[in-house]
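The next block holds one structure in the form of structure tokens; read it before the comments.
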Amino acid sequence: DGFAVESQRTDQAYGEGDVASTNRGCKAISAGSGATSSLLRDGITRAPCLRLPSARQAAELARWCDQPHNFDRLRRAFESTTNFGKLLEARPTVAGRNVYLRLKCFAGDAMGMNMVSKGSLAAIDLLKTVFPQVQLLALSGNMCTDKKAAAVNWIEGRGKSVVVDATVPQKVVKNTLKTTVRALVDANVQKNLVGSAMAGVTGGFNAHASNIVTAVFLATGQDPAQNVESSNCITLMEETEEGDLWISCTMPSIEVGTVG
19 DGFAVESQRT
29 DQAYGEGDVA
39 STNRGCKAIS
49 AGSGATSSLL
59 RDGITRAPCL
69 RLPSARQAAE
79 LARWCDQPHN
89 FDRLRRAFES
99 TTNFGKLLEA
109 RPTVAGRNVY
119 LRLKCFAGDA
129 MGMNMVSKGS
139 LAAIDLLKTV
149 FPQVQLLALS
159 GNMCTDKKAA
169 AVNWIEGRGK
179 SVVVDATVPQ
189 KVVKNTLKTT
199 VRALVDANVQ
209 KNLVGSAMAG
219 VTGGFNAHAS
229 NIVTAVFLAT
239 GQDPAQNVES
249 SNCITLMEET
259 EEGDLWISCT
269 MPSIEVGTVG
């Protein structure tokens with residue numbers, strides 16, 4: 019059915035005292051249901067900044083890209099550069115006479131930045147045959163968005179979009195976490211949800227996801243600068259009918275690779 023149940027060892031490189039709290043959380047989850055994770059979306063993005071002579075021509079290029087048969091032409095050009103990558107989407111955004119063409123690529127087990135960049139150049143070469151006056155101002159037009167906090171990653175996703183949940187028995191919450199289910203649920207609402215909303219954060223509805231993401235990235239050879247968007251996370255907690263703790267983390271933009 020596509021699901022696997024297994025124990026995972028997670029390497030982490032810490033420079034501060036978060037090891038104990040992370041281990042305590044893992045212990046509590048393991049004493050309960052364990053964590054169940056699901057992959058929601060999978061696609062790395064690159065958004066070249068293209069310039070046309072006028073806003074009208076920029077709109078024409080955007081409309082061209084929105085046509086399914088034209089996307090198929092972009093897909094063939096893109097995929098001619100890779101044995102593994104698959105172009106999933108080409109979404110244009112117009113600002114004046116600029117077009118930011120956000121290309122989403124399935125990259126398999128690779129993180130995919132080199133793959134999507136190479137494919138993007140091939141797609142742009144095709145666009146130049148249709149719109150000879152188009153200029154490539156920047157291969158990354160900052161709407162990808164790489165290594166910067168951005169709502170587009172939070173909403174549309176980038177890399178792996180994942181949701182994870184677990185149930186922790188109230189006895190474990192009391193003995194291991196030294197608190198109560200009701201207190202945890204309330205603290206999560208007031209701190210991680212309301213407090214973060216009052217701060218105007220984007221994707222920061224959590225306690226300290228960034229610490230753990232960075233520790234794993236450093237230990238496993240990922241790009242630590244991509245911690246910025248990979249740490250996008252919303253933590254939700256509820257008290258179950260049995261009085262236990264249900265907890266979930268939704269992370270829409272984890273940028274990781276296991277090859278390359």
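Residue numbers (the working numbering): 19 to 278. We treat Cβ as the ideally placed atom computed from N, Cα and C, and that holds for glycine.
Would you grab the beta carbon distance between residue i and residue j for me? Rounded to a whole angstrom, and I think it's under 8 Å.
i: Asn171; j: Glu107; result: At roughly 14 Å, the Cβ-Cβ gap does not stay under 8 Å, so Asn171 and Glu107 are not in contact.
i: Asn206; j: Asp36; result: Rounded, the Cβ-Cβ distance is 18 Å, inconsistent with contact.
i: Ile252; j: Gly177; result: So it is not a contact: roughly 17 Å between Cβ atoms.
i: Lys122; j: Gly221; result: Contact doesn't hold; Cβ gap of about 18 Å is too wide.
i: Met129; j: Val274; result: 6 Å
i: Ala140; j: Phe89; result: Rounded, the Cβ-Cβ distance is 14 Å, inconsistent with contact.
i: Leu105; j: Arg93; result: 4 Å
Mind checking which residues open and close the alpha helix (DSSP H) that includes residue i?
i: Gln30; result: From DSSP, Gln30 is part of no alpha helix (DSSP H); its letter is neither H nor E.
i: Thr232; result: 227-238
i: Met129; result: Premise fails: Met129 is in no alpha helix (DSSP H) and is neither H nor E.
i: Glu8; result: A query on residue 8 cannot be resolved here, the shown segment of the chain reaching from 19 to 278 and no further.
i: Glu174; result: 169-174
Evaluate residue i with the Cβ neighbour count: other Cβ atoms within 10 Å of its Cβ, from every protein chain shown; 16 or more gives buried, anything less gives exposed.
i: Gly239; result: exposed
i: Leu155; result: exposed
i: Asp164; result: buried
i: Gln244; result: buried
i: Pro150; result: exposed
i: Ile142; result: buried
i: Ala201; result: exposed
i: Val277; result: exposed
i: Cys44; result: exposed
i: Glu174; result: buried
i: Thr63; result: buried
i: Thr100; result: buried
i: Ser57; result: Correcting the residue type first, residue 57 is Leu in the shown sequence and not Ser. Exposed.
i: Glu260; result: exposed
i: Ala125; result: buried
Leaving aside the five residues before and after residue i along the sequence, list all residues of the same chain whose C-beta is less than 7 Å from its C-beta, in chain order.
i: Gly50; result: Ala184, Thr185, Val186, Pro187, Val190
i: Thr198; result: Val191, Lys192
i: Val148; result: Trp82
i: Lys146; result: Val152
i: Ala203; result: Reading off the sequence, residue 203 comes out as Val, not Ala. Met255, Glu256, Glu257, listed in sequence order.
i: Ser135; result: Arg64, Leu157
i: Arg109; result: Arg120
i: Ile47; result: Ala53, Ala184, Val186
What residue range does the beta strand (DSSP E) around residue i cover?
i: Phe124; result: 116-124
i: Thr185; result: 177-186
i: Val112; result: 104-113
i: Ser271; result: 263-272
i: Thr276; result: No beta strand (DSSP E) holds Thr276; DSSP gives it neither H nor E.
i: Glu259; result: Careful: Glu259 lies outside any beta strand (DSSP E) and carries neither H nor E.
Below 6 Å CB to CB, which residues in the same chain sit around residue i once its five sequence neighbours on both sides are set aside?
i: Glu78; result: none
i: Ala76; result: Leu70, Val112, Arg115, Val117
i: Gln30; result: Ala233, Val234, Ala237
i: Thr268; result: Val181, Ile252
i: Met161; result: Ala65, Tyr118, Arg120
i: Ala227; result: Ser249, Cys251
i: Arg59; result: Gly175, Ser179
Using C-beta distances below 8 Å, list every residue in its chain close to residue i, excluding the 5 sequence neighbours before and after it, in chain order.
i: Arg305; result: Nothing in the structure corresponds to residue 305, since the chain is present only between 19 and 278.
>> For a minimum of 3 consecutive residues, which ranges assigned as the beta strand (DSSP E) are wholly contained in the stretch 134-163?
In response: 153-156
>> My parser needs the alpha helix (DSSP H) runs of 4 or more residues fully inside the stretch 45-100; what are they?
In response: 73-84, 86-97
> In chain order, which alpha helix (DSSP H) runs of at least 4 residues are fully inside the stretch 183-227?
Replying inline: 188-193, 199-205, 214-217
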